[in-house]
Amino acid sequence: METTIVKKTVPPFPKERHWLFGHAGMLKDDAFGMIKFFIKNYGNMVSLSFPFSKVVIASNPEFARYVLQENSKNYTKSIAYDMLKPLLGLGLLTSEGDYWKKQRKLSQPAFHKRKLDEWTEMMIEMAQHTADLIRRHSEQAEAFDVLPLMTALTLDVISKAIFSTGVEDKAKIVSDQVTLLNEYTIEKLHRPIPVPDYIPTPFNLRQKKALGLLDKIVYEIIDKRQAEGVSKDDLLSMLIDAKDEETGESMSRIQIRDEVMTIFLAGNETSSNALTWTIYMLSQNPDAEQKMIDEIDEKLNSGIELNFKTVGEFHYVKQVIEESMRLNPPAWLVGRRSINEDEIGGYHIEKQTNVLIPIVYLHHSERFWDEPTKFKPERFAPEVRNNIDRFVYLPFGGGPRVCIGNNFAMLEMEVILITLYREFRFRLKEGFVVEQDPLVTLRPRYGMMMYAEKR
Ligand code: HEM
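Just so you know, we're using the numbering used here here: the sequence shown kicks off at 25 and counts up by one.
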């Protein structure tokens, strides 16, 4: 009997490649430029050759919807997330399957509206401390780097949300070590050839030491809280007290540690980058800046007090943040790995293929946005906001693994912007070069040197 062999079409491989590292080397030098080039020349499903792994770039909203939502059961997180495992263990960001589902269900109540309401006052207070620091720079008429200031602020906010009070000195060590370990992860991403963590290189030993210190402190905090048996109004107590509805089981010490670390990392770097980019975008777009300041003044001068209930009335502030995250999405790329073979857009996807979804490309594409390079917060005005496809604009990802902290992040960023802009506006230092640096998150490569002008 004659059998017909149907050749499965894999997405095209761009012929431009590094002789040794394939496309990996090219992406390392200019990720955005290369991704745009590949898509323009080879279409919206492209194969890349990477050492030891299968990779495709899927760059249209239908593919994103399919992978992240409709067929999400066939996909785990992509290989890049493995890099975060030494730090995050099996926290929400890095775990999979039923384990992840159970942990997500247990953690969800910690992000409910009622909790956000309780945290708003703390967020305003923290933002006010930062305004005090900025005032000093402003009085001295000296330029300062906005990025580390925003990082310190979002770290303070997330620390307080997780640990509330009583462990300030320890929370500081946790935040320092998480920041250091995050830098180590970035350093590892820069390497052309990976070195496994178990080889005792000086770098790996430093990493091990930092992790050891971090674990020691976090476990001390968890153990002390459990021994006291007193529940506080913070994320740590919520994680400790969370119980599985069916089995009544609580999280183990390790699970609590992993979730704490995950929230610490996921909740800090993304928000501080988003805030820094937003302040920059406003400095470059004085009309939008003025419109936002007018809104802030109008509301606050009419006697509205900033709190959880009123923050939603600052529509333009929210639009500014959304537009800023369109142009500079802190999570610029998400990736998944196929469990079984699949078919996307008529192309064959082999099993264990890393499917990369370049959020930044979707956010910048002329196909979906009118004048995509322009900063126009009006795109997100309440009357048109619902017309935007959830898989064309997805700064917080999509499908079941969508960011659990998205409402927390929006609230935090709104509160911070309102608090800062009621007093200042910001101007970029003359000649300062601003460049996007797409690593784990999208950072400004050289920081963001600015002057604060008292309004
Ligand atoms: C502007 C700020 C933020 C941005 C842009 C952002 C973006 C994202 C994105 C894109 C994902 C999905 C990753 C994927 O699909 O692989 C994600 C997941 C996650 N984010 Fe955020 N995030 C932000 C703030 C926060 C905050 C403030 C928290 C915690 C307080 C947080 C906690 C998490 C967690 C735990 C996950 C994993 C969720 C899961 O898989 O169940 N994020 N975030």
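Every residue gets a Cβ at the ideal spot worked out from N, C-alpha and C, and that includes glycine.
**OP:** Answer yes or no: do L289 and L111 have a C-beta to C-beta separation smaller than 8 Å?
**Re:** In the sequence shown, the residue the question calls residue 289 occupies position 265. In the sequence shown, the residue the question calls residue 111 occupies position 87. Yes; because the gap between Cβ atoms is below 8 Å, this pair is in contact.
**OP:** May I have a chain-ordered list of the beta strand (DSSP E) segments no shorter than 3 residues that lie completely inside the segment 450 to 476?
**Re:** Correct list: 460 to 462 and 466 to 468.
Original post:
Is it right to say A251 is buried, meaning 16 or more other beta carbons lie within 10 angstroms of its own, or is it exposed?
Top reply: The residue labelled residue 251 in the question sits at position 227 within the sequence shown. Classification of A251: exposed, given that the 10 Å Cβ count is below 16.
**OP:** Give the single residue among M69, F56, N65 and K32 whose Cα lies nearest to the Cα of E40.
**Re:** Counted from its first residue, the sequence shown places residue 40 at position 16. Minimum Cα distance to E40 is reached at N65.
**OP:** Pull up the CB-CB distance for L299 and I442, whole angstroms please, since I reckon it's below 8 Å.
**Re:** Here the question's residue 299 lines up with position 275 in the sequence shown. Here the question's residue 442 lines up with position 418 in the sequence shown. The beta-carbon separation of L299 and I442, rounded to 12 Å, does not stay under the 8 Å limit for a contact.
**OP:** Using DSSP bridges, identify the partner residues of N378.
**Re:** In the sequence shown, the residue the question calls residue 378 occupies position 354. For N378, which the question treats as bridged, DSSP gives the partners V79 and R361.
**OP:** Give the DSSP-derived three-state secondary structure of F187 in the structure shown.
**Re:** On the sequence shown, residue 187 is found 163 positions in, with the first residue counted as 1. In the three-state DSSP reduction, F187 falls in the helix class (H, G or I).
**OP:** Enumerate in chain order the residues of its own chain whose CB-to-CB distance from H387 is below 6 Å, with the five nearest sequence positions on each side excluded.
**Re:** Translated into the one-based positions of the sequence shown, residue 387 becomes position 363. Excluding sequence neighbours, H387 sits near R350 and P353.
Original post:
Comparing the CB of V202 with every heavy atom of the ligand HEM, is any distance shorter than 7 Å?
Top reply: Walking along the sequence shown from the start, residue 202 turns up at place 178. Checking every heavy atom of the ligand HEM against the Cβ of V202, none is found closer than 7 Å.
**OP:** On the DSSP bridge assignment, give the partners of V70 in chain order.
**Re:** Taking the sequence shown and counting its residues from 1, one reaches residue 70 at position 46. I81.
Original post:
Is L351 near the ligand HEM, judged by its Cβ being under 7 Å from some heavy atom?
Top reply: The count along the sequence shown starts at 1 and reaches residue 351 at position 327. Answer for L351: no, Cβ out of range of the ligand HEM.
Subject >> C-alpha gap between K60 and F404, whole angstroms >> reply: For the purposes of this step, residue 60 is taken as the residue at position 36 of the sequence shown. For the purposes of this step, residue 404 is taken as the residue at position 380 of the sequence shown. Distance between K60 and F404, taken at the CA atoms: about 25 Å.
**OP:** Use the C-beta contact count for G429: other C-beta atoms within 10 angstroms, 16 or more gives buried, fewer gives exposed.
**Re:** Walking along the sequence shown from the start, residue 429 turns up at place 405. It counts as buried.
Original post:
For L263 versus E283, is the C-beta distance shorter than 8 Å?
Top reply: Stepping through the sequence shown from its first residue, residue 263 is reached at position 239. Stepping through the sequence shown from its first residue, residue 283 is reached at position 259. The answer is yes: Cβ separation under 8 Å.
Original post:
At which residues does the alpha helix (DSSP H) containing K126 begin and terminate?
Top reply: In the sequence shown, counting from the first residue as 1, residue 126 sits at position 102. Note, K126: alpha helix (DSSP H), G121 to S131.
Original post:
Is K39 helix, strand or coil when you go by DSSP?
Top reply: Along the sequence shown, one-based indexing puts residue 39 at 15. It is coil, neither helix nor strand.
Subject >> Endpoints, the beta strand (DSSP E) within which K101 is located >> reply: Locating residue 101 in the sequence shown gives position 77, where the first residue counts as 1. Where K101 is concerned, the enclosing beta strand (DSSP E) stretches over Y99 to K101.
Original post:
My guess is that G421 and L92 are in contact by the Cβ rule of under 8 Å, so how many angstroms apart are they, rounded?
Top reply: One-based indexing of the sequence shown puts residue 421 at position 397. One-based indexing of the sequence shown puts residue 92 at position 68. Contact holds; Cβ gap of about 7 Å.
Subject >> Residues bridged to D169 (per DSSP) >> reply: As a working note, residue 169 is residue 145 in the sequence shown. Per DSSP, the beta bridge partners of D169 are M473.
Original post:
How long is the line joining the alpha carbons of D141 and S73, rounded to whole angstroms?
Top reply: As a working note, residue 141 is residue 117 in the sequence shown. As a working note, residue 73 is residue 49 in the sequence shown. Just so you know, the alpha carbons of D141 and S73 end up roughly 48 Å apart.
Original post:
Considering only residues of the same chain and omitting the five flanking positions on each side of K315, which have a CB-CB separation below 7 Å?
Top reply: Within the sequence shown, numbered from 1, the residue matching residue 315 stands at position 291. Closer than 7 Å at the Cβ level, and outside the excluded window around K315, lie Y340.
Subject >> S326 versus I217: straight-line alpha-carbon distance, rounded >> reply: In the sequence shown, counting from the first residue as 1, residue 326 sits at position 302. In the sequence shown, counting from the first residue as 1, residue 217 sits at position 193. Cα to Cα, the separation comes out at about 59 Å.
Original post:
Along the chain, which unbroken stretches of the alpha helix (DSSP H) at least 4 residues long are found entirely within the segment 221 to 270?
Top reply: Correct list: 226 to 252 and 259 to 265.
**OP:** Mind checking which residues open and close the alpha helix (DSSP H) that includes I217?
**Re:** As a first step, residue 217 is located in the sequence shown; it is residue number 193 there, counting from the start. Element bounds for I217: n/a, residue is neither H nor E.
**OP:** Report yes or no: do the segment 269 to 285 and the segment 148 to 163 share at least 3 C-beta pairs separated by less than 8 Å?
**Re:** Between the segment 269 to 285 and the segment 148 to 163 there are fewer than three inter-stretch CB-CB distances shorter than 8 Å, so the stretches are not counted as touching.
**OP:** Find out if the Cβ-Cβ distance for the pair K101, M150 is shorter than 8 Å.
**Re:** The residue you call residue 101 lines up with position 77 of the sequence shown. The residue you call residue 150 lines up with position 126 of the sequence shown. Against a cut-off of 8 Å, the Cβ pair of M150 and K101 comes out as no contact.
**OP:** Give the secondary structure of S199 by DSSP, where H, G and I count as helix, E and B as strand, and everything else as coil.
**Re:** Numbered from its first residue, the sequence shown carries residue 199 at position 175. Residue state, collapsed to three classes: helix.
Original post:
From K453 to P468, what distance separates their C-alpha atoms?
Top reply: Stepping through the sequence shown from its first residue, residue 453 is reached at position 429. Stepping through the sequence shown from its first residue, residue 468 is reached at position 444. Their backbone Cα atoms lie some 14 Å apart in a straight line.
Subject >> Cutoff 8 Å; reference H406; Cβ partners in own chain excluding five residues on either side >> reply: What you label residue 406 is simply residue 382 of the sequence shown in a count that begins at 1. Strictly speaking, residue 406 in this sequence is Pro, with His absent from that position. Closer than 8 Å at the Cβ level, and outside the excluded window around P406, lie H339.
Original post:
Once you ignore the five residues that flank P396 on each side, which residues in its own chain have a CB closer than 6 Å to its CB?
Top reply: Position 372 of the sequence shown, counting from 1, holds the residue named residue 396. The residues are H388 and E390.
**OP:** For the alpha helix (DSSP H) holding I287, just list the boundary residues, first then last.
**Re:** In the sequence shown, counting from the first residue as 1, residue 287 sits at position 263. First-last of the alpha helix (DSSP H) with I287: R277 to A290.
Subject >> Beta-ladder partner(s) of I368, from DSSP >> reply: Looking up residue 368 in the sequence shown gives position 344. According to DSSP, I368 bridges with Y371.
**OP:** Determine the DSSP secondary structure at K478, reduced to helix, strand or coil.
**Re:** For the purposes of this step, residue 478 is identified with residue 454 of the sequence shown, where counting begins at 1. Looking at K478 - three-state DSSP - the assignment turns out to be strand.
**OP:** Measure the beta-carbon distance from P401 to V458 and round it to whole angstroms, keeping in mind my assumption that it falls under 8 Å.
**Re:** Residue mapping note: residue 401 aligns to position 377 of the sequence shown, counting from 1. Residue mapping note: residue 458 aligns to position 434 of the sequence shown, counting from 1. A Cβ-Cβ distance of about 19 Å is found for the pair P401 and V458, leaving them out of contact under the 8 Å criterion.
Subject >> Cα-Cα separation between P462 and T33, rounded to whole angstroms >> reply: As a first step, residue 462 is located in the sequence shown; it is residue number 438 there, counting from the start. As a first step, residue 33 is located in the sequence shown; it is residue number 9 there, counting from the start. Taking the straight line from one Cα to the other gives about 31 Å.
**OP:** Leaving out five residues on either side along the sequence, give the residues of the same chain with a beta carbon under 8 Å from the beta carbon of A155.
**Re:** Residue 155 sits at position 131 when you count from the first residue of the sequence shown. Spatial neighbours of A155 in its own chain (CB-CB distance under 8 Å, excluding positions within 5 residues in sequence) are listed in chain order as T443, L444, E447 and F448.
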